[in-house]
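Chains as they are written, first to last, in this note's numbering: chain A, 2 to 375; chain B, 126 to 401; chain C, 51 to 351.
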Amino acid sequence: MASISIQNVRKSYGALEILKGFNLDVADGEFVVFVGPSGCGKSTMLKILAGLEPATSGMVKIGDRDVTDLAPGDRDIAMVFQNYALYPHLTVAQNMGFGLKMRGTPREQIAVRVAEAAKTLDVSHLLDRRPKQLSGGQRQRVALGRAIVREPQAFLMDEPLSNLDAKLRVTMRAEIAALHQRLGVTTIYVTHDQIEAMTMANRIVIMNNGLVQQIADPDTMFRKPANLFVAGFIGSPGMNFLRTSRHADGRFAVLGEMLALKVPESVDDVIVGLRPEHIEPGKGGLTFEIRPTLVEGLGSESYVYFDVPEVNHLAAAGGATDDGRPPGRIVARLMNAGPVRVGETLTVSVDPDRLHLFDPATGQAIPKEADRSW
Amino acid sequence: MRATPLQTALLYAAVILTSAILVFPIYWLVITALSQPDQLRQLPPSFWPSEPRWGVFKKIFEERPILLWLGNSALAAIGAVTISMVVSVLAGYSLSRFRVRGGQSLGLFILTAKMLPATLLVIPLFGIFRTVGLIGSMWSIILAHATLIIPFTTWMLKGYFDTIPRELEQAAMVDGCSPLGALFRVILPVSAPGLAATALYGFVLSWSDYAYARTFLTNAQQNWTANLGITTMKGEYVSNWSDISAASILIALPVLLIYLFLERYLVGGLTAGSDK
Amino acid sequence: MAGKRLLDLARPSRQHWLGYLLLLPAVLLIGAIIVYPLFVSVDLSFQNVGIARLDLPRRPFTTDNYARLFASPDFWNACWVTLKLVVVVTTACFLLGLGTALLVNNRFRGRAIARLFVAMPWAVPEVIAVVIFAWLFDSSFGLFNWLLIKLGLIDQTIAWFSEPGPAFAAVATTMIWKGYPFVSIMTLAGLQSIPEDYYAAARVDGANAWQRLTNITLPSLMPVLGVTIVLVMLWIFRDFSIIYVLTGGGPLKATQTLSIMTYEQAFSFFKMGYASAIGIITLVICIIAAKLLMGRAPESL
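1) If you run the structure through DSSP and keep just helix, strand and coil, what is B:N197?
2) Quick one: which unbroken alpha helix (DSSP H) runs of 4-plus residues sit fully inside the region 125-150 of chain A? Chain order, please.
3) Apply the 10 Å Cβ neighbour rule to A:V296 and answer buried if 16 or more other Cβ atoms are within range, or exposed otherwise.
4) Mind checking which residues open and close the beta strand (DSSP E) that includes A:G59?
5) Are A:V10 and A:G59 touching if we call contact CB-CB under 8 angstroms?
6) Do A:N241 and A:P277 have their CB atoms nearer than 8 angstroms?
7) Along the region 184-203 of chain B, what residues have a CB closer than 9 angstroms to any CB found in chain C?
8) Within this structure, are the beta carbons of A:Y190 and A:R140 separated by less than 8 angstroms?
9) Starting from the beta carbon of A:N84, find every residue of chain B whose beta carbon is closer than 8 angstroms, and list them in chain order.
10) Could you list the residues in the region 143-157 of chain C with a C-beta less than 9 angstroms from some C-beta on chain B, going in chain order?
11) Could you tell me whether the region 54-73 of chain C touches the region 292-304 of chain C, where touching means 3 or more Cβ pairs closer than 8 angstroms?
12) Please tell me whether A:F289 and A:G329 are closer than 8 angstroms, where the distance is taken between their beta carbons.
13) Rounded to whole angstroms, what's the CA-CA distance from C:F187 to C:A220? Just pull it up for me.
14) What does the Cβ neighbour count give for C:Q306, buried or exposed, with the cut at 16 atoms within 10 Å?
15) Below 6 angstroms CB to CB, which residues in the same chain sit around A:I235 once its five sequence neighbours on both sides are set aside?
16) Look up A:Y85 in the DSSP assignment and say whether it is helix, strand or coil.
17) Quick test of your reading: C:I226 and C:P216, contact by CB under 8 angstroms. State the CB separation rounded to the nearest angstrom.
18) With a threshold of 6 angstroms on Cβ separation, who are the neighbours of C:D58 within its own chain once the five nearest residues in sequence on each side are excluded?
19) Return the residue from the list A:I280, A:I19 and A:D29 that minimises the CA-CA distance to A:V332.
20) With distance defined between alpha-carbon atoms, name the residue in C:L333, C:G160 and C:S318 nearest to C:I101.
21) With H, G and I counted as helix, E and B as strand and the rest as coil, what does DSSP make of A:N337?
22) Please determine if the region 135-143 of chain B and the region 151-166 of chain C are in contact, where contact requires at least 3 C-beta pairs separated by less than 8 angstroms.
23) Any Cβ of chain B within less than 8 angstroms of the Cβ of C:T332?
24) So with Cβ pairs under 8 angstroms, would you call C:R262 a contact of chain B?
25) Would you list the residues sitting across from A:Y306 in a DSSP beta bridge?
26) Please name the residue, chosen from B:L273, B:W280 and B:V247, that lies closest to B:G217 on a Cα-to-Cα basis.
27) Can you determine whether any heavy atom of the ligand FAD sits closer than 7 angstroms to the C-beta of B:L147, and answer yes or no?
28) Where B:S213 and B:L159 are concerned, what is the direct C-alpha to C-alpha distance, given to the nearest angstrom?
29) Since B:Q90 is in the alpha helix (DSSP H), which residue starts that stretch and which ends it?
30) Looking at chain B, is there any beta carbon in it that lies within less than 8 angstroms of the beta carbon of A:A321?
31) So with CB distances below 9 angstroms, who are the chain A contacts of C:R253?
32) For B:P276, count the other beta carbons within 10 Å of its own beta carbon; 16 or more makes it buried, fewer makes it exposed. Which is it?
33) So, is C:L284 buried or exposed, given that buried needs 16 or more other C-beta atoms within 10 angstroms?
34) Please work out which residues of its chain come closer than 6 angstroms, Cβ to Cβ, to A:V68, disregarding the five sequence neighbours upstream and downstream, and give them in chain order.
35) Is the beta carbon of B:S198 sitting closer than 8 angstroms to the one on B:T350?
36) Looking at chain B, is there any beta carbon in it that lies within less than 8 angstroms of the beta carbon of A:H126?
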């Protein structure tokens with residue numbers, strides 16, 4: 002087991018920059034998740050870590066060793082792939098023992114360690130089968146087994162659950178987390194699924210367009226997103242954004258109410274972020290009436306969509322939500338709201354302290370009073 | 126939507142009639158071989174020999190160096206396929222996996238080489254082989270056949286490697302293989318069916334050649350290939366169609382067998398590179 | 051295997067070296083047996099050479115071969131024969147191949163065997179196909195003469211290989227029989243890649259069998275058929291074995307294509323410089339034809 006240090010790693014193909022300077026220190030035994038939309042550079046970073054692609058510049062250290070230009074096989078890491086990448090011509094046992102065999106481990110010792118790993122992952126009865134004869138979940142377990150049998154310094158996992166169906170994904174998610182708890186091996190896990198990131202990670206690295214957006218633990222990521230991208234990416238449904246400007250009296254119009262937002266005096270335009278789950282039925286700090294345009298009942302909760310006043314539309318701000326809602330439409334996630342019908346006026350409220358504020362020019366969060374250094 | 130019985134009957138009739146007409150020449154070859162020579166000089170012809178002359182195969186083995194010809198054809202094919210496969214496996218893998226500067230142009234050149242008329246290439250090859258003393262030697266056609274085979278096999282194999290996920294060799298490299306080790310320990314074993322189909326396709330190309338054998342081997346009787354040998358039988362003053370047909374069957378047989386076993390793979394060979 | 055490797059190609063910075071290394075054998079071999087000969091033949095075509103010998107000093111540069119070529123009626127005759135053959139054989143192969151493929155693509159018992167049967171001639175070596183058809187077209191006891199008389203189409207036997215028209219017909223027939231299975235195989239592959247949903251949707255919309263053929267099947271097959279036609283044409287253009295063994299280009303050069311003329315000039319009359327010029331012209335025509343037909347060829351072959 003070892004720590005991992007990534008220092009200013011860049012990667013470009015000709016003029017195309019995939020990674021624009023990646024810095025990260027991973028502590029020994031930590032579970033770090035790289036998350037972001039496809040094409041954000043997360044998989045490229047993982048391949049550079051594995052030694053499957055050269056970095057254009059920068060340095061990678063595993064433990065105390067500089068491995069930047071070391072062969073993948075010499076890095077003492079194990080990797081789990083999205084499509085499992087099991088060797089189709091070898092049995093499960095041979096698949097799991099392949100790495101040990103390449104390293105010249107004696108045959109009896111390989112057999113012992115394979116048996117042990119197979120027991121851990123509950124695939125002992127499959128050892129003589131070929132990958133083709135296994136179900137998706139079984140293949141995933143064998144792929145994990147192939148990684149743990151080597152007892153490497155670090156696990157690298159590239160979207161390992163993406164090919165599984167929804168139910169199995171939840172089971173395997175818990176299992177990988179449990180495995181990490183038990184073995185305590187430093188793990189870098191790449192996914193595009195923010196729920197996987199939130200549930201599994203010690204720390205999350207959110208990436209977009211080759212740039213790290215924020216590095217934080219899941220709780221901080223949710224409560225204090227560093228910018229519009231992170232705010233919109235984390236959470237389901239994603240955060241609602243409202244545009245607003247300073248009026249003559251210094252206050253801002255939000256959902257038809259005039260609010261005194263705690264922003265520096267120099268800031269005239271603000272994007273207000275509002276989490277769907279922070280909208281509550283009934284009166285509260287900031288109360289307003291809505292007329293739902295669409296209601297999705299999920300049993301315990303309902304997603305209520307409604308339109309906001311024209312002035313709050315985000316159209317020009319360029320920070321539209323990922324789920325493709327029209328610019329003026331936002332969603333509330335209401336618990337126990339009673340019957341909600343389309344077109345019938347409903348009173349809801351938000352605690353103004355829970356609003357997130359962003360600078361529309363930079364997309365960066367405007368720190369709240371307590372965090373402000375000025 | 127279910128077909129009516131009439132439609133079904135018409136369909137079967139059409140299929141059977143079409144197949145019968147198209148396969149008839151092959152049937153006629155077999156019937157000719159099995160007929161008595163004087164029976165062949167009768168009209169109307171008989172479409173079924175009164176007593177099949179199975180001994181014809183023994184006869185031509187005894188009277189003609191059929192075995193030598195077939196052996197030479199096999200030797201040329203095995204030699205040419207071996208050379209081509211070694212070169213094509215490596216090149217096809219490189220074209221499939223690496224973005225090598227100039228690699229794409231090389232790939233396109235290889236593809237274009239399929240268009241080269243053998244009648245054009247045979248002239249400089251004749252000059253070159255004459256200079257280095259290869260005319261009449263098996264090496265002349267082994268190398269010449271490689272020019273026919275390599276463009277096909279390289280693209281067939283590239284196409285096959287493209288279907289194998291890159292993650293396989295990445296996994297192998299993380300497991301401690303060198304890139305070449307990943308190719309030999311993982312990719313090639315996994316590609317066994319594709320390699321076999323490709324090699325057999327190359328075998329068919331070599332086995333079917335006539336132009337190069339005719340040019341380089343005419344004066345070296347001990348090295349005649351099957352196709353060259355049979356044309357000398359045809360060219361004799363009185364053609365013995367029964368014997369020629371029997372020999373033809375033996376020559377066509379290996380390719381027919383390969384076709385029957387590999388029908389579903391052949392499309393890959395015929396279309397290799399066409400979706401480029 | 052881990053540890054000390056002399057040339058550690060597994061290092062990330064060197065992994066792409068392998069790409070070059072793997073191409074090296076191909077580059078060397080292709081250079082020696084395709085590129086260099088091609089260069090030699092271009093060179094030969096600009097010399098007055100009888101029998102090519104590379105150990106003798108080069109003859110002086112001349113464009114006589116090309117000048118003679120374009121002035122030669124034989125060359126234009128060969129072009130005309132080649133063109134006729136390409137048009138006739140391609141059309142027939144195309145119709146027969148498409149027809150058989152559509153026929154056996156129906157669902158019926160024994161379809162697998164029927165597919166094998168209709169494309170069987172593909173597996174007959176060209177020289178053997180010639181043997182078969184030479185006997186079928188035999189002037190005294192050939193089956194075709196007998197059949198045509200029986201059917202009342204001719205009064206007396208035709209000497210197929212002694213008269214220009216019949217010889218051309220015999221060559222074309224043999225090539226069609228040998229060539230159509232390629233179209234069948236390619237079409238069948240193309241048919242398999244048409245999603246069944248298209249047909250289901252068309253049925254829902256009330257399209258009949260003919261409408262499904264013209265609105266779904268044929269348009270979907272167009273890309274495959276385009277490539278196929280070009281490949282068939284190139285095959286006819288370059289074919290040597292069938293014509294040479296069947297008729298030798300005769301009678302009266304009635305079946306002498308550019309390929310046959312090239313070979314004959316080189317190896318019957320030993321005018322290799324002149325022959326190379328014909329070969330080069332043939333290659334240029336092939337490339338231009340392919341380019342015109344495919345738009346983006348030769349990449350598409």
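Ideal Cβ positions, reconstructed from N, Cα and C, are used throughout, including at glycine.
Answer, in terms of the structure:
1) helix
2) 137-149
3) buried
4) S58 to I63
5) yes
6) yes
7) none
8) no
9) P290 and E292
10) L146, G149, T150, L153, V154, N156 and R157
11) no
12) no
13) 7 angstroms
14) buried
15) Q195, M222 and F223
16) coil
17) Contact flag wrong, Cβ pair sits at about 15 angstroms.
18) none
19) A:I280
20) C:S318
21) coil
22) yes
23) yes
24) no
25) A:L295 and A:V332
26) B:W280
27) Although the ligand FAD was asked about, the structure shown includes no ligands whatsoever.
28) 42 angstroms
29) Outside the displayed range of chain B (126 to 401) lies residue 90 of chain B, so it cannot be described from this structure.
30) Its pLDDT being 46, under 50, A:A321 is placed unreliably by the model, and nothing is read from it.
31) Going along chain A, no residue has its Cβ under 9 angstroms from C:R253, so there is no contact; the nearest lies around 32 angstroms.
32) buried
33) buried
34) V61 and R76
35) yes
36) no
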